[in-house]
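**Student:** When we follow the working numbering, the leftmost residue of the sequence shown carries the number 2, and every step to the right adds one.
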Amino acid sequence: MHDFISAIILGMIEGLTEFLPVSSTGHLILAGELLGFEGDAATTFKIVIQLGAVMAVLLLYWSRYMSMLKGLLAFDFSAPKKLNALHMIISMVPALIVYLLLKDFIKGRLFGPGPVLIGLIIGGMLMIIASRARIKVTAESTDEITYKQALGIGLFQCLALWPGFSRSGSTISGGLLLGTSQKAAADFTFMISVPVMLGATVLDLYDSRDLLTGDALLLFLIGFITAFVVAMLAVVTFLNLIKRLKLEWFAIYRFVLAIVFYLLVM
2 MHDFISAIIL
12 GMIEGLTEFL
22 PVSSTGHLIL
32 AGELLGFEGD
42 AATTFKIVIQ
52 LGAVMAVLLL
62 YWSRYMSMLK
72 GLLAFDFSAP
82 KKLNALHMII
92 SMVPALIVYL
102 LLKDFIKGRL
112 FGPGPVLIGL
122 IIGGMLMIIA
132 SRARIKVTAE
142 STDEITYKQA
152 LGIGLFQCLA
162 LWPGFSRSGS
172 TISGGLLLGT
182 SQKAAADFTF
192 MISVPVMLGA
202 TVLDLYDSRD
212 LLTGDALLLF
222 LIGFITAFVV
232 AMLAVVTFLN
242 LIKRLKLEWF
252 AIYRFVLAIV
262 FYLLVM
C-alpha cells in the first residue's frame, strides 16, 4: 500500500513540476528519497511517469503537431523561419546522442540526492545568467526561431540529462542566450518536450522491460494517470507563469529547495 500511495504522491509532484524550470526529475528523486521509494523499478518509474505530464502538452499543441507532421511527410521545409518538424528534429538530436552514449552512467550515477542538489544549484546559476544577459532578441515567437537557434537550444537541452538541471530551465536559458524571447523559448521548450520524452520513455521501457510485470506495472499506470490529470489542470496556468515570471524567481526556489533538502537528509 505504501508504494501505491508513493506512486500517487510522485505522480502529483511530476504533474506540478514538469512544466516549471525547477527540475521535475530532481523533485521526484528527492521525494523518492524521503518516501523510501527507491531501487531499479523506482528509477524507471520516475522517468516513465513524466510521459503522463508530457501527454498533456501533446493535447494542448495537438493541431500544431499535426501541421508539422504533415509538413514532414510532405518534405516541406521551405520556410526555415516558420516552426516546422526540422526545427524539432535538429533540437532533439544532441540530447538523444548523449543519452544513448551515457544512459548507463546517467541512471547509475546521477539519479541520487547529491547529483540532484548540484544540478539544482548550477542550473539555477545558469538561469540567473541567462535572465540577466542583455542579448538582442531576434526571435519574438517560435515561428521566428532559426535552425541555428534550434540546434543551440538542443545543445543546452543536453544539460537536462543531469537530474536537477531541468529540461525547461536549460532550454529556456539557452534560448535567451541565443536571442529568443522568454515567451518563444518557453513555447519551444513545451513543443520539443513531447518527442524528447516519448523517445526517452520508449528507450527506458525497453531497457526495463523485465520490470513491467505485476505490481510494478500497476504502479507505473497509477503514476502515469495521476501525472496526466494533475498536468492537465496545471499546464495552461504554468505555461503563462513561465512566460511572464523572470527566471531568477525559479532559481531562488531551486536554491532554497537544495538547502532545505541538504539540511533534512544529507
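Note that beta-carbon positions come from the ideal geometry of N, C-alpha and C, so glycine has one too.
If you compare alpha carbons, which of L156, M128, F112, F20 is closest to K47?
**Tutor:** Here residue 47 refers to the residue found at position 46 when the sequence shown is read from its first residue. K47 has its Cα closest to that of F112, out of L156, M128, F112, F20.
**Student:** Helix, strand or coil for A140 per DSSP?
**Tutor:** Mapped onto the sequence shown, residue 140 falls at position 139. Strand, per DSSP.
**Student:** Return the Cβ separation of G180 and V138 in integer angstroms, given the expectation that the two are a contact with Cβ distance under 8 angstroms.
**Tutor:** Here residue 180 is taken as the residue at index 179 of the sequence shown, counted from 1. Here residue 138 is taken as the residue at index 137 of the sequence shown, counted from 1. That pair is a contact at about 6 angstroms.
**Student:** Out of I107, E34, R65, I30, state which residue places its alpha-carbon closest to the alpha-carbon of T143.
**Tutor:** To locate residue 143, count along the sequence shown from 1; it is residue 142. That would be R65, whose Cα lies nearest to the Cα of T143.
**Student:** At the level of alpha carbons, what is the spacing between D211 and A42?
**Tutor:** If you number the sequence shown from 1, residue 211 lands on position 210. If you number the sequence shown from 1, residue 42 lands on position 41. Using only the alpha carbons, I get a separation of about 10 angstroms.
**Student:** When you compare only the Cα positions, how much space is there between L268 and A57?
**Tutor:** This structure does not reach residue 268, given that the chain is present from 2 up to 267, and the question cannot be answered.
**Student:** State the CB to CB distance for the pair Y263 and A201, rounded to an integer number of angstroms; the pair is presumed to be in contact (CB under 8 angstroms).
**Tutor:** Taking the sequence shown and counting its residues from 1, the one referred to as residue 263 is at position 262. Taking the sequence shown and counting its residues from 1, the one referred to as residue 201 is at position 200. 28 angstroms between Cβ atoms; not a contact.
**Student:** If you run the structure through DSSP and keep just helix, strand and coil, what is T1?
**Tutor:** Residue numbering for the chain in the displayed model covers 2 to 267; residue 1 lies beyond these limits and cannot be assessed.
**Student:** Measuring CA to CA, which of G33, S68, T238, V23 is closest to K83?
**Tutor:** Here residue 83 refers to the residue found at position 82 when the sequence shown is read from its first residue. Nearest of G33, S68, T238, V23 to K83, Cα basis: S68.
**Student:** Identify the continuous alpha helix (DSSP H) that holds A57 and give its terminal residues.
**Tutor:** Here residue 57 is taken as the residue at index 56 of the sequence shown, counted from 1. Element bounds for A57: 51 to 61.
**Student:** Excluding the 5 residues flanking V49 on each side, which residues of the same chain have their C-beta closer than 8 angstroms to its C-beta?
**Tutor:** Within the sequence shown, numbered from 1, the residue matching residue 49 stands at position 48. Result list for V49: T202, D205, L206, F221, G224, F225, in chain order.
**Student:** Under the three-state reduction of DSSP, which class applies to R135: helix, strand or coil?
**Tutor:** The residue you call residue 135 lines up with position 134 of the sequence shown. Here R135 sits in coil by DSSP.
**Student:** Assign E19 to one of three DSSP states: helix, strand, or coil.
**Tutor:** Here the question's residue 19 lines up with position 18 in the sequence shown. E19: coil per DSSP, three-state reduction.
**Student:** Can you give the Cα-Cα distance for L219 and T147, rounded to whole angstroms?
**Tutor:** The residue given as residue 219 occupies position 218 in the sequence shown. The residue given as residue 147 occupies position 146 in the sequence shown. Approximately 43 angstroms between the Cα atoms of the pair.
**Student:** If we count the other Cβ atoms within 10 Å of its Cβ and call it buried at 16 or more, is E19 buried or exposed?
**Tutor:** Taking the first residue of the sequence shown as position 1, residue 19 is located at position 18. Per the 10 Å Cβ criterion, buried.
**Student:** Helix, strand or coil for T214? Go by DSSP, reduced to three states.
**Tutor:** Sequence index remark: in the sequence shown, residue 214 carries index 213 (1-based). Coil, per DSSP.
**Student:** Look at P95 and I243 and say whether their C-beta atoms are less than 9 angstroms apart.
**Tutor:** On the sequence shown, position 94 is the one that residue 95 refers to. On the sequence shown, position 242 is the one that residue 243 refers to. No, the pair does not count as a contact, with Cβ atoms beyond the cut-off.
**Student:** Between the stretch 180 to 192 and the stretch 236 to 251, do at least 3 Cβ pairs fall closer than 8 angstroms?
**Tutor:** Verdict: yes, contact present.
**Student:** Quick check on W163: buried or exposed, where buried means 16 or more other Cβ atoms within 10 Å of its Cβ?
**Tutor:** By 1-based counting over the sequence shown, the position of residue 163 is 162. The residue is buried, with at least 16 neighbouring Cβ atoms inside 10 Å.
**Student:** Going straight from the alpha carbon of A151 to that of F166, what length do you get?
**Tutor:** Sequence index remark: in the sequence shown, residue 151 carries index 150 (1-based). Sequence index remark: in the sequence shown, residue 166 carries index 165 (1-based). Roughly 19 angstroms separates the two Cα atoms.
**Student:** Is the separation between the beta-carbon of F251 and that of G16 shorter than 9 angstroms?
**Tutor:** Residue numbering aside, residue 251 sits at position 250 when the sequence shown is read from its first letter. Residue numbering aside, residue 16 sits at position 15 when the sequence shown is read from its first letter. For F251 and G16, no; Cβs fall outside 9 angstroms.
**Student:** Could you work out which residue in L60, G125, G12 is closest to V237 when comparing CA atoms only?
**Tutor:** Start at 1 with the first residue of the sequence shown, and residue 237 comes out as number 236. Checking every option, the nearest Cα to that of V237 belongs to L60.
**Student:** Quick one: Cα of R135 to Cα of S92, how far?
**Tutor:** Working through the sequence shown from its first residue, we reach residue 135 at position 134. Working through the sequence shown from its first residue, we reach residue 92 at position 91. Spanning the two alpha carbons is a distance of roughly 23 angstroms.
**Student:** Alpha helix (DSSP H) containing E145: first to last residue?
**Tutor:** Residue numbering aside, residue 145 sits at position 144 when the sequence shown is read from its first letter. Counting along the chain, E145 falls outside any alpha helix (DSSP H), and DSSP gives it neither H nor E.
**Student:** Tell me the rounded alpha-carbon separation between G175 and A140.
**Tutor:** By one-based count along the sequence shown, residue 175 stands at place 174. By one-based count along the sequence shown, residue 140 stands at place 139. Cα to Cα, the separation comes out at about 13 angstroms.
**Student:** For K244, name the three-state secondary structure that DSSP assigns.
**Tutor:** Taking the sequence shown and counting its residues from 1, the one referred to as residue 244 is at position 243. Residue state, collapsed to three classes: helix.
**Student:** Could you spell out where the alpha helix (DSSP H) holding V266 opens and where it closes?
**Tutor:** Taking the sequence shown and counting its residues from 1, one reaches residue 266 at position 265. Taken as a continuous stretch (DSSP letters only), V266 belongs to no alpha helix (DSSP H), as it is neither H nor E.
**Student:** A217 to M13, Cα distance in whole Å?
**Tutor:** Here the question's residue 217 lines up with position 216 in the sequence shown. Here the question's residue 13 lines up with position 12 in the sequence shown. Looking at the two C-alpha atoms, the distance is approximately 18 angstroms.
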